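Written out below as structure tokens is the structure these notes cover.
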Amino acid sequence: MHDPPPGVYRLREQSFRARHTAAPDRAPPRPSLARAGPVRRLLTGAGGGVVCCLLVAVCLAQAVAVTNPLTASVAALAALVALVCLWLLAENRRSLARVSQRSHADAALQANEHRFRILARTTNDAAWDWDLVTGMVWWDEGTKSIFGYEPSEKHFGWFSGRIHPDDRQRVAEGVRAVRRGNAQTWSDEYRFLRADGSVAYVYDRGFLIRDEAGVAVRMIGGMQDVSERKQLEEDLRREAFNDSLTGLPNRALFLDRLEHALASQIVRQRSLAVLFMDIDGFKVVNDSLGHPAGDAMLTRIGARLVSCAAPGHTVARFGGDEFAVLVEDLIDTSAAMRLADEMLVAVREPVRLRDRDVYVTASFGVAVAGPEIDKPAGVS
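Under this note's numbering, the first residue of the sequence shown is numbered 46, with each subsequent residue one higher.
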């Protein structure tokens, strides 16, 4: 058999290339896989890195298969392994980055908690840490020094049971509202039972911590004993609206209550009465026995007027030897007159001063206001 001439090899090669290689200007258009909707979702979704590696390997195999199918398979496998390794390396780096971010966040949270507890000790607060999932509350050393309780971890029910009954529901509703809402801070002022049984006024505030879903899982805060401040406020209020000698309401408080009573009686169609009393002979007692004796007389007469008044009546000292009584929800005019007579009898009783009985009397004026009352009455 004779070898074919060289021209035959050239013809065979041209025929092979014509069958396996398409000219660029005659190749049919192929849509981009990355632009196809389903493929795009596959590439960008979970596990998209592995899918991308497979596509690259397949394309490489097709390209190499033109000249040598066996070499194409080996090259595709090697490319696939390399690409998967690169993808795993990238995923590992992303995982490490996420872990690092979480570690930094946890470290920052621990640092903030440490600073908070130091601040709580500096401000003489009782710091607490409430796990909203388990209901357990951790208390620091301030609980012992301020309220007398040993620092430990206790259930929230222990804490709630030591809130004053009149404040308990309000505090619970406030905490629930903050947990359900979007706020991060909570604060309230209430009464708290100490270990010795006494009651302390506390100012309590907390910072809410939520998980990634926005659910409240933890609250950190501190309680401050504000009993001294509350007592000072009460003393100032008492001085502003109460007579320092007798402890009775003063002129300012009496007029304020009278204004509200007048506005209320118009709406409720009820009557009211004002009794005004002036002690006769008080100046003689004050000048002859001294101011301490006069002060003692005013205090005792004020107490007698209070004993004659009914609950809801306001007995006030206007100043000097003048007193006033506000009677609300008056049944009729005669009831106000009877009260004035009863108080007059009480004032005329002797007052023991410096081992002697001292007698005084008083003058009363009675004014009545109401739907069917149009003129005042007076007795002396």
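Ideal Cβ placement from N, Cα and C applies to all residues, glycine included.
Only a predicted model underlies this, so the values are computations on that prediction, with no experimental measurement involved.
With three or more beta-carbon pairs closer than 8 Å as the criterion, would you say the segment 364-378 touches the segment 316-332? yes
Host beta strand (DSSP E) of Glu198 (start-end): If you number the sequence shown from 1, residue 198 lands on position 153. It spans Glu198 to His200 - the beta strand (DSSP E) in which Glu198 sits, taken as one unbroken run.
Taking only three categories from DSSP, how would you classify Glu136? Counting from one through the sequence shown, the residue named residue 136 turns up at place 91. In this structure, Glu136 counts as helix in the three-state DSSP scheme.
Just to confirm before moving on: does the CB-CB distance between Phe363 and Arg296 stay below 8 Å? Counting from 1 along the sequence shown, the entry for residue 363 is found at position 318. Counting from 1 along the sequence shown, the entry for residue 296 is found at position 251. Their beta carbons are under 8 Å apart, which means Phe363 touches Arg296 by this criterion.
Leaving aside the five residues before and after Asp170 along the sequence, list all residues of the same chain whose C-beta is less than 7 Å from its C-beta, in chain order. Taking the first residue of the sequence shown as 1, we reach residue 170 at position 125. Here the set comprises Gly187, Gly267, Met268 and Gln269.
In its own chain, which residues sit with a C-beta less than 6 Å from the C-beta of Pro69, not counting the 5 before and 5 after it? Residue numbering aside, residue 69 sits at position 24 when the sequence shown is read from its first letter. Summary for Pro69: the model assigns pLDDT 48, below 50, so the residue's position carries little reliability; its value from the coordinates is reported in the next sentence. Within the same chain, Pro69 has no close Cβ partners at all.
By a C-beta neighbour count over all protein chains shown, 10 Å radius and 16 as the cutoff for buried, is Gly339 buried or exposed? In the sequence shown, the residue the question calls residue 339 occupies position 294. Answer is buried; the Cβ neighbour count reaches 16.
Residue from Met382, Lys328, Ala380 and Glu387 whose Cα sits closest to the Cα of Ser352: The residue given as residue 352 occupies position 307 in the sequence shown. If we check each option's Cα against that of Ser352, Glu387 comes out closest.
Under the assumption that Ser205 contacts Tyr246 (Cβ atoms under 8 Å), give the Cβ distance between them as a whole number of angstroms. Indexing the sequence shown from 1 puts residue 205 at position 160. Indexing the sequence shown from 1 puts residue 246 at position 201. About 17 Å separates the two Cβ atoms, so there is no contact after all.
Quick one: grab the DSSP three-state call for Asn331. Working through the sequence shown from its first residue, we reach residue 331 at position 286. Asn331: helix per DSSP, three-state reduction.
Under 7 Å Cβ to Cβ from Arg255, same chain only, skipping five residues before and after it: list those, please. Here the question's residue 255 lines up with position 210 in the sequence shown. Counting only Cβ-Cβ distances below 7 Å, and skipping sequence neighbours, we find Ala261 and Val262.
Suppose the cutoff is 6 Å on Cβ atoms and the five residues either side in sequence are ignored; what does the same chain contact list for Arg345 look like? As a first step, residue 345 is located in the sequence shown; it is residue number 300 there, counting from the start. So the qualifying residues of the chain are Val396.
Can you give me the Cβ contacts of Ala240 inside the same chain, cut-off strictly under 8 Å, excluding the 5 residues immediately before and after it? In the sequence shown, residue 240 corresponds to position 195, counting from 1. Once the five neighbours on either side are set aside, the close Cβ partners of Ala240 are Phe192, Gly193 and Tyr194.
How is Leu303 classed by DSSP in three states: helix, strand or coil? On the sequence shown, residue 303 is found 258 positions in, with the first residue counted as 1. Here Leu303 sits in helix by DSSP.
Through-space distance from Pro196 to Asn129, alpha-carbon basis: Numbered from 1 along the sequence shown, position 84 holds the residue referred to as residue 129. Numbered from 1 along the sequence shown, position 151 holds the residue referred to as residue 196. In the sequence as displayed, the identity of residue 129 is Val instead of Asn. If you take the alpha carbons of Val129 and Pro196, they lie about 56 Å apart.
Rounding to the nearest angstrom, what Cα-Cα distance links Gly292 and Gln310 in this structure? Along the sequence shown, read from residue 1 onward, the residue named residue 292 stands at position 247. Along the sequence shown, read from residue 1 onward, the residue named residue 310 stands at position 265. Answer to the nearest angstrom: the Cα atoms are 27 Å apart.
What residues in its chain sit with their C-beta under 7 Å from that of Arg399, if we drop five residues either side in the sequence? By one-based count along the sequence shown, residue 399 stands at place 354. Contacts found: Leu334 and Ala338.
Output the residue ranges of the beta strand (DSSP E) runs that lie fully inside the segment 250-323 and measure 3 residues or longer, sorted by chain position. 261-270
My assumption, with CB atoms under 8 Å, is that Tyr235 sits in contact with Ile208. Please give the rounded CB distance. Your numbering for residue 235 matches position 190 in the sequence shown. Your numbering for residue 208 matches position 163 in the sequence shown. At roughly 6 Å, the Cβ-Cβ gap stays under 8 Å, so Tyr235 and Ile208 are in contact.
Using only the alpha-carbon positions, how far apart do Val178 and Phe237 sit? The residue you call residue 178 lines up with position 133 of the sequence shown. The residue you call residue 237 lines up with position 192 of the sequence shown. For Val178 and Phe237, the distance between alpha carbons rounds to 24 Å.
Range of the contiguous beta strand (DSSP E) that encloses Arg362: Residue mapping note: residue 362 aligns to position 317 of the sequence shown, counting from 1. Segment Thr359 to Gly364, the beta strand (DSSP E) holding Arg362.
So what does DSSP say about Leu177, is it helix, strand or coil? As a first step, residue 177 must be located in the sequence shown, where it is residue number 132. The answer is coil: DSSP assigns Leu177 none of H, G, I, E or B.
Run the CB neighbour count on Thr406, radius 10 Å, all protein chains shown included, and call it buried at 16 or more, exposed below. Residue 406 sits at position 361 when you count from the first residue of the sequence shown. Thr406 is exposed by the Cβ-count criterion.
Specify, as a first and last residue, the run of the beta strand (DSSP E) that Arg401 falls within. For this step, residue 401 is matched to residue 356 along the sequence shown. It spans Arg401 to Val403 - the beta strand (DSSP E) in which Arg401 sits, taken as one unbroken run.
Report the rounded CA-to-CA distance for Ser379 versus Gly415, giving the unit in angstroms. For this step, residue 379 is matched to residue 334 along the sequence shown. For this step, residue 415 is matched to residue 370 along the sequence shown. Those two C-alpha atoms are separated by around 13 Å.
Is it true that the CB of Val413 sits closer than 8 Å to the CB of Ala381? Here residue 381 refers to the residue found at position 336 when the sequence shown is read from its first residue. Here residue 413 refers to the residue found at position 368 when the sequence shown is read from its first residue. In contact: Ala381 and Val413 (Cβ atoms closer than 8 Å).
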